[in-house]
Ligand code: ATP
Ligand code: MG
């Protein structure tokens, strides 16, 4: 195929054989979030570039080098959203959803865009499910976010393969004091830092903490510790969170180097990581951002949230073999009809059955065909049963009912009795 007719590098089609797993995953999360009282919000995929610069921060990887930014026909600078929090805050402010100080527990799902180097678990269009909570400032809600993801991992069967890393960045004041101390220390060891860290020291010094460079890591061993600079409020908040995780029986490790890539975090930050996916091991990440709403022009409004990467979680389910078998079977019953008269009767009968059994997954053969070819298609569809309607059956107003997976004998069922019969063998719940 010519190049112009290919998908953009790092942007994937999700093919029919993959969508059952995506729908299972998305359905599981949506049900869980309903049960915890979160409400879905849907934002546009494109926003003014300024929104991301102001919220994510100018000197972050995302804004510096990963955004898909372009001018539209009016000359406005627009950007395909690289993450969901900024747009969610924008929407919340624009519609006054937190105007009176009322709490909001929101979630969203959709594609995000970052111009990164594509590799396993890292794409240029990827999908996130995100949660954002506003106007609830206690550690109880930080804990709830973590508790519900823990429940999700349990439902998906991946609990044993993910680990929770936790840190507190303090308030912006305590972080400011820590930053001064860190810069002072690192500046004294400037020649031992890698090039990237030297640059970050000037632009975003906390990011030096999560360097992968071994020499810089060695320098960091004796660097001032963020925990020693936490103000009382942040310390109490962090203790409150840990106490709740302990009460809920959720294991975690404190990672003092966890700083997260975005500028807007304060107090709690966390990541769920797995060692089953190679370098792209973070499947869910987030934290508290109490200053962000005000920074974006709203009244002081606390916030906390996280986003999970759907592609990485799908990969993890596949890697661990945690793909429930039943999700790929999408047909219960396959109806074969032979001859024009039988086809007409089959259509009318099917619609009656669908009226009575709205959850039945009934597929009618399309494109006619011989007995053999229709039967082959019935089998290939994965259906549990075939229905067979030929001239003889039609004359008697019955339909052949044939188990395809070895549960019992073929029998004829009267048209009138078909729905009731199917209800006993296929439709559950
Ligand atoms: P990473 O350190 O892996 O680049 P990040 O800190 O940039 O992640 P966040 O902005 O916190 O990621 O996004 C939350 C989650 O979204 C990540 O934990 C990951 O699961 C997923 N994610 C982020 N970037 C990508 C990407 N390019 N491709 C696929 N998933 C991604
Ligand atoms: Mg990243």
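Residue numbers (my numbering): 90 to 518.
Positions of the beta carbon are idealized from the N, C-alpha and C atoms, including for glycine.
Among all the DSSP beta bridges, which residues are the ones paired with residue 491?
-> 475
For residue 391, which three-state DSSP category applies?
-> coil
Are the CB atoms of residue 174 and residue 219 nearer to each other than 8 Å?
-> yes
Using the Cα positions of residue 360 and residue 95, report the straight-line distance between them to the nearest angstrom.
-> 35 Å
Since residue 198 sits in a beta bridge, which residues does DSSP pair it with?
-> 218
With DSSP run on the structure shown, which of helix, strand or coil describes residue 96?
-> coil
Residue 285: CB within 7 Å of a non-hydrogen atom of the ligand MG | no
For residue 518, count neighbouring Cβ atoms within 10 angstroms of its own Cβ and tell me buried if that reaches 16, exposed if not.
-> Legend: pLDDT at residue 518 = 41, less than 50; position of this residue unreliable, no value from coordinates given.
What is the rounded straight-line gap between the Cα of residue 128 and the Cα of residue 122?
-> 8 Å
Return yes when the Cβ of residue 197 is within less than 8 Å of the Cβ of residue 131, no when it is not.
-> yes
Beta-carbon contacts of residue 263 that lie in its chain and below 7 Å, excluding the five residues immediately before and after = 318, 319, 320, 323
Indicate whether residue 143 and residue 385 have their beta-carbon atoms separated by less than 8 Å.
-> yes
CB-CB under 7 Å to residue 171, same chain, minus the five flanking residues each way: which ones, in chain order?
-> 141, 151, 155, 156, 201, 202, 203
Starting from residue 153, follow the beta strand (DSSP E) in both directions and report where the run begins and ends.
-> Unbroken run through residue 153: none, as it is neither H nor E.
Three-pair Cβ contact test at 8 Å for the segment 270-279 versus the segment 305-313 = yes
Identify which residue in 178, 367, 215, 505 has its Cα closest to the Cα of residue 251.
-> 367
When you compare only the Cα positions, how much space is there between residue 230 and residue 222?
-> 8 Å
Taking the DSSP output, what are the residues bridged to residue 211?
-> 208
Helix, strand or coil at residue 116 [DSSP, three-state] | helix
How would you call residue 184, buried or exposed, if buried means at least 16 neighbouring beta carbons within 10 angstroms?
-> exposed
Which whole runs of the beta strand (DSSP E) in the segment 258-341 are 3 residues long or more, in chain order?
-> none
Cut-off 6 Å between Cβ atoms - residues of its own chain near residue 105, not counting five sequence neighbours on either side | none
May I ask you to check if the CB of residue 150 is nearer than 7 Å to at least one heavy atom of the ligand MG?
-> yes
Length of the line joining the Cα atoms of residue 227 and residue 327 | 10 Å
Within 10 angstroms of the Cβ of residue 505, are there 16 or more other Cβ atoms? Answer buried if so, exposed if not.
-> exposed
Quick one: using the 10 Å Cβ neighbour count with 16 as the cut-off for buried, is residue 233 buried or exposed?
-> buried
Return yes when the C-beta of residue 217 is under 7 Å from any heavy atom of the ligand ATP, and no when it is not.
-> yes
Please confirm whether residue 295 and residue 282 have their CB atoms less than 8 Å apart.
-> no
The alpha helix (DSSP H) spanning residue 375 covers which residue range?
-> From DSSP, residue 375 is part of no alpha helix (DSSP H) but of the beta strand (DSSP E) over 371-377.
Whose C-alpha, out of 415, 346, 325, is nearest the C-alpha of residue 299?
-> 346
Would you mind giving the Cβ-Cβ distance between residue 356 and residue 271, rounded to the nearest angstrom? I have them listed as a contact below 8 Å.
-> With 8 Å as the limit, residue 356 and residue 271 do not qualify as a contact, their Cβ atoms being about 18 Å apart.
Identify every residue that forms a DSSP beta bridge with residue 464.
-> Answer by DSSP bridge pairing: none, since residue 464 is not bridged.
By Cβ distance below 6 Å, which residues in the same chain neighbour residue 508 in space, the five residues on each side in sequence not counted?
-> 442, 445, 446
Residue closest to residue 160, alpha-carbon to alpha-carbon, out of 137, 269, 459 | 137
Look at the alpha carbon of residue 415 and the alpha carbon of residue 153, and state the distance between them as a whole number of angstroms.
-> 45 Å
At a cut-off of 7 Å, is residue 372 close to the ligand ATP when judged by its beta-carbon and the heavy atoms of the ligand?
-> yes
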